[in-house]
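Engineer:
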Amino acid sequence: MFSTGFKYFIGVTVLSVVALIMSLFVLDQVALAGVAISMLIVVTALLAGIAVVTRDGQTKTSTPELSKDLTTKSIWPLVTSIGVVLLALGLVISSLVFFSGVIVLLAALAEWMVKSWSERSSRDASYNSSARKRLLNPIEFPVLAALGLGVVIYSFSRIMLTVNKSIGASLFIVFGLVVLITGILFAVKPNMKRSLVVAICVLGAVGIFVAGIISASTGLREDLVIAKSESHEHPECGAERSEHFDKLAEGNLSLRSSVDATIELVDGKLTARIVGFNKPQNSVTIRRSTATNFIFHNLDAKEYRLVADLGNRAVAEPEGKTEKNLVCTQLTAQGAEQALVLKIDKPATVGTSYILSVPGIEGQSIELVVP
Amino acid sequence: MNHSQRHSNLKTRVASVLLVTSKKYQKIFGVAMATMFAAGCAQNAPQDTWQPKGPNAKIIDDLQQPVFAVAGIIGLIVAVAIIYVVFKYKDRGQAIPEQTHGKPALEITLTIIPALILAVVAVFTFGAIFKLAKTDDTEMIINVTGQQWWWEYDYPAQNEFGINQPIISSGQLVMPVGTKVLLRETSRDVIHSYWIPALNGKRDAVPGRVQTLRLEADAPGLFAGQCTEFCGLSHANMRMEAIALSKADFAKWVANQQAAYVAPAKDSLAQQGEAVFLNQCVRCHQVNGLLRADGTPAIAAPDENVWSGAAPNLTHLMSRNTFAGATFDLLSKQCRDEVWNAPSDEIGAKYLAGVTEDCLNQKDLRAWLRNAPAMKPMYANPTQLTATGGKYRGMPYLALSEDDISKLVAYLLTLK
Chain A
1 MFSTGFKYFI GVTVLSVVAL IMSLFVLDQV ALAGVAISML IVVTALLAGI AVVTRDGQTK
61 TSTPELSKDL TTKSIWPLVT SIGVVLLALG LVISSLVFFS GVIVLLAALA EWMVKSWSER
121 SSRDASYNSS ARKRLLNPIE FPVLAALGLG VVIYSFSRIM LTVNKSIGAS LFIVFGLVVL
181 ITGILFAVKP NMKRSLVVAI CVLGAVGIFV AGIISASTGL REDLVIAKSE SHEHPECGAE
241 RSEHFDKLAE GNLSLRSSVD ATIELVDGKL TARIVGFNKP QNSVTIRRST ATNFIFHNLD
301 AKEYRLVADL GNRAVAEPEG KTEKNLVCTQ LTAQGAEQAL VLKIDKPATV GTSYILSVPG
361 IEGQSIELVV P
Chain B
1 MNHSQRHSNL KTRVASVLLV TSKKYQKIFG VAMATMFAAG CAQNAPQDTW QPKGPNAKII
61 DDLQQPVFAV AGIIGLIVAV AIIYVVFKYK DRGQAIPEQT HGKPALEITL TIIPALILAV
121 VAVFTFGAIF KLAKTDDTEM IINVTGQQWW WEYDYPAQNE FGINQPIISS GQLVMPVGTK
181 VLLRETSRDV IHSYWIPALN GKRDAVPGRV QTLRLEADAP GLFAGQCTEF CGLSHANMRM
241 EAIALSKADF AKWVANQQAA YVAPAKDSLA QQGEAVFLNQ CVRCHQVNGL LRADGTPAIA
301 APDENVWSGA APNLTHLMSR NTFAGATFDL LSKQCRDEVW NAPSDEIGAK YLAGVTEDCL
361 NQKDLRAWLR NAPAMKPMYA NPTQLTATGG KYRGMPYLAL SEDDISKLVA YLLTLK
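The listed protein sequences derive, respectively, from chains A and B. Under the working numbering, the first residue of the first sequence is numbered 1, with each subsequent residue one higher. Under the working numbering, the first residue of the second sequence is numbered 1, with each subsequent residue one higher.
#1: So what's A/Gly311 in DSSP terms, helix, strand or just coil?
#2: Within 10 angstroms of its Cβ, does A/Val92 collect 16 or more other Cβ (buried), or is it exposed?
#3: Quick one: residues in its chain with C-beta nearer than 6 Å to the C-beta of B/Gln271, no 5 flanking neighbours on either side, listed in chain order?
#4: Taking any Cβ of chain B, which residues in the stretch 263 to 277 of chain A have a Cβ under 9 Å from it, in chain order?
#5: Go to B/Arg336, then tell me how far its alpha helix (DSSP H) extends in each direction, as first and last residue.
#6: Mind checking A/Trp117: buried by the 16 CB within 10 Å criterion, or exposed?
#7: B/Leu182 and B/Ile141 - do their beta-carbons sit closer together than 8 Å?
#8: Counting only Cβ pairs nearer than 7 Å, list the residues of chain A close to B/Asp294.
#9: Taking the DSSP output, what are the residues bridged to B/Met240?
#10: Out of B/Lys131, B/Ala248, B/Asn237, B/Gly178, state which residue places its alpha-carbon closest to the alpha-carbon of B/Leu213.
#11: Between the beta-carbon of A/Thr290 and the beta-carbon of B/Arg188, is there less than 8 Å?
#12: Checking the sheet assignment: what are the DSSP bridge partners for B/Trp150?
#13: Which residues in chain B have a C-beta closer than 8 Å to the C-beta of A/Val369? List them in chain order.
#14: Work out the CA separation of B/Ala198 and A/Leu320 for me, nearest whole Å.
#15: Going by DSSP in three states, B/Ile191 sits in which element: helix, strand or coil?
#16: By the criterion of Cβ-Cβ separation under 8 Å, what are the contact partners of A/Val350 in chain B?
#17: List the residues of chain B whose Cβ lies closer than 7 Å to the Cβ of A/Asp345, in chain order.
#18: For B/Ala219, tell me which candidate among B/Trp340, B/Asp329, B/Asp136, B/Pro176 has the shortest Cα-Cα distance.
#19: What are the complete beta strand (DSSP E) segments, minimum 3 residues, inside the stretch 223 to 311 of chain B?
#20: Kindly list, in the order they appear in chain B, the residues whose Cβ is closer than 9 Å to that of A/Ser283.
#21: Would you mind working out which of A/Leu203, A/Phe156, A/Leu177 sits nearest A/Ala216, comparing C-alpha positions?
#22: Take A/Ser353 and list the residues in its own chain whose beta-carbon comes closer than 7 Å to its own, dropping the five residues that flank it on each side.
#23: Terminal residues of the continuous alpha helix (DSSP H) containing B/Lys131?
#24: Fully enclosed by the stretch 111 to 168 of chain A, which alpha helix (DSSP H) runs are 4 residues long or longer?
#25: Applying the criterion that 16 or more other CB atoms from any shown protein chain within 10 Å of the CB defines a buried residue, is A/Glu250 buried or exposed?
#26: Can you give me, in chain order, the residues of the stretch 181 to 213 of chain B that have a beta carbon less than 7 Å from any beta carbon in chain A?
#27: Can you give me the C-alpha to C-alpha distance between B/Pro377 and A/Ser100, rounded to a whole angstrom?
#28: How is the alpha helix (DSSP H) around A/Arg194 delimited, first residue to last?
#29: Looking at A/Ala88 and the ligand FMN, is the gap between the Cβ and the nearest heavy atom below 7 Å?
#30: Can you give me the Cβ contacts of A/Leu89 inside the same chain, cut-off strictly under 6 Å, excluding the 5 residues immediately before and after it?
#31: Hey, how far is the Cα of B/Phe223 from the Cα of B/Glu241?
#32: Can the beta-carbon of B/Leu352 be found less than 8 Å from the beta-carbon of B/Val409?
#33: Could you give the DSSP three-state label for B/Gln211: helix, strand or coil?
#34: Counting only the same chain and skipping the five closest in sequence on each side, list residues whose C-beta sits under 7 Å from that of A/Leu270.
#35: Check the Cβ-Cβ distances between A/Ala291 and every residue of chain B, and say whether any is below 8 Å.
#36: Quick check on the burial criterion: 16 or more other C-beta atoms within 10 angstroms. Buried or exposed for A/Leu185?
Okay, here's the thing in structure tokens:
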């Protein structure tokens, strides 16, 4: 009468009802939890109903005779215990170890559960093994492949961060060519020995992995170390100090998708192209306390920088003194772009205004209006 | 009694209980279903998605009406089929019939039909999406900024509408009818979503991004909306209203918003309220033109006190009908009903009348000033502000005396 599925779902339903009642007493604000548990009750009750009506979708009147002594040695209890240890250590050491433990524990429990189930599914050991593979291989293979690829890619990135910039470019080309040629070789020689294919792939992966470890222990190349110590905030509005900072690095996708206005310098004229406005503007309204992204697009012949003049600001010493509050892009080459992020908390004082200008271009400015 | 006889008796008992139960509750079930169905015919539903009041909402409506009809018919067919199968083949102890697998012709047909339906829907959907994404025909720009839990509107200078200095407001978006308005949305804290169902679909306001949304109203009217992206404790209280005025009325509204600050009469209760405002409220709330005792402009510093960095600008507060994120009415119920139920051609005059002393909803405004967090859930407990570096999310409890509240109410009434 009551199928296994029904018992399971009705059990979850009953426990959910208990949880709902308890939450009414325990939680201060039960609204969100109450809605979630109520939905769980509705769904599991529905599933219980379907399970009992359809007899768990069972289509066979008899089940194969169960095996008794076909269990094999299993590594999963060991892995599970490692997961538990990682979990406990993670609570003390770091969240990274904790979540690694969670992943190991869940994976081991899933593997263990399916293995146990498959070993009892029939009296035929080979059938049991194939049942396990049918269920888990579609998950295991992509996950292991992703992990393997991740290790190779990470190792390769360590190599690229260690070697000289120009050598890195050459290395990238060579690596690409090797992958391409190997792929062509495998394609034109479909009868190649499987062991040989595996050996080539493993050797390549291990080679990159070892080189990655060596590179990581060697450390970043010098210019990257220096660039790390340089400010990326463009505070310098005077002589350029950053030598190794990549001047085009900020023209990336995330900035381009969130730009508020593009400030263009063309033939000595400065204009603002603001999202939503159909014509170029000579003033931009900036909302208070809101990070606003600008792109400075230099279409003029020489290198220029965009400077935001945000009035005066107090200095730490001497007390009561102020200095010009300037925010700048770096020098931007012809045709290049630089980002400028402004966050202004208060409107300009009476009789003054915030402006964007380009040193070296006289008589051109964009007013920044903060209502 | 053997096992099969016991099983059969049990099934008979269960079946008879189900029969009685179904008969007993048949009428109640029927009434409940009819009530739910009838609820769809509600007249007083200001956020009804089936009553477009502008061309953009009409584009969506023209798409959703046929799609809903087709989906409804398909849904009905599927529901009837499931119910039929469940009752016809339910477990009565009968033998399980022979199981077959694979009907290629049927399976292909049942795949192609929905695919074709979806393809047709997709063609019209893409058409609607592109129409709604157009910005090259924009006539007016309004910046819309979301923060926990209210909306700010600022109108950049646009001389063709008489806006020669930025206008800033909150809670109610005022726009001229028959004008293609483009909202430039963003957020100061978390993701919000702007939605006035009668005028267009919803658009997320995302921190660090500017997203656009077209609005246009066919006729003067008031249109309700609310934030549709869960944004924290008072998400349900983050409302907004769009007010569409005739072009002449909109010009009057613009002129009023740009009018200079008028200080309260000397020695009046309102003047004492101005002092209380300068002492307490100006830390977060800006009133343009308000001067301190030394003659310097009073510049609010919400960035130093509020997590989002902003608090509603209260300049011309009494030209709006709502406060606290449009959660509460500044107008008494009777006066509000007069505005909301006015004929389209009279709405402008009634709205522009603003909030008079007779029409002021004193009860809610005083309660708000007395203890705002008690009126609208906000993270305003001073002992629980560690996560926000000591800054409030929402208006805190200010411990104002009843005397101060009366003075403040008198002062706020002057902000026409």
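Every residue, glycine too, gets a C-beta built ideally from N, C-alpha and C.
Structural biologist: So, from the data block:
#1: strand
#2: That one is exposed.
#3: Pro264
#4: Answer set for the stretch 263 to 277 of chain A: Ile274, Val275, Gly276, Phe277.
#5: Taken as a continuous stretch (DSSP letters only), the alpha helix (DSSP H) holding B/Arg336 covers 333 to 340.
#6: exposed
#7: Result yes, Cβ atoms of B/Ile141 and B/Leu182 sit closer than 8 Å.
#8: Near B/Asp294 there are no residues of chain A at all, since even the closest Cβ is about 14 Å away, more than 7 Å.
#9: For B/Met240, the beta-bridge partners assigned by DSSP are B/Gly225.
#10: B/Lys131
#11: yes
#12: B/Gln147
#13: Pro156, Ala157, Pro166
#14: The amino acid occupying residue 320 of chain A in the given sequence is Gly; Leu does not appear at that position. Rounded to the nearest angstrom, the two C-alpha atoms are 54 Å apart.
#15: Coil at B/Ile191, not helix or strand.
#16: Pro297
#17: Those within 7 Å of A/Asp345 in chain B are Asp303, Gly309.
#18: B/Pro176
#19: Runs found: 239 to 245.
#20: Pro156, Ala157
#21: A/Phe156
#22: These residues qualify, in order along the chain: Glu367.
#23: 104 to 132
#24: 125 to 162
#25: Bear in mind that the predicted position of A/Glu250 carries a pLDDT of just 49, short of 50, making it unreliable; the figure below should be weighed with that in mind. Result: buried.
#26: Those would be Leu182, Arg184, Thr186, Arg188, Gly208, Arg209, Val210, Thr212, in chain order.
#27: The alpha-carbon of B/Pro377 is positioned some 38 Å away from that of A/Ser100.
#28: 194 to 218
#29: You won't find the ligand FMN in this model; it holds no ligand whatsoever.
#30: Short of 6 Å from the beta carbon of A/Leu89, and not among the five residues preceding or following it, lie these beta carbons of its own chain, in chain order: Val97.
#31: 6 Å
#32: Taking 8 Å as the Cβ cut-off, B/Leu352 and B/Val409 do not qualify as a contacting pair.
#33: strand
#34: Ile263, Val358, Ile361, Gln364, Ser365, Ile366
#35: At least one chain B Cβ lies under 8 Å of A/Ala291.
#36: exposed
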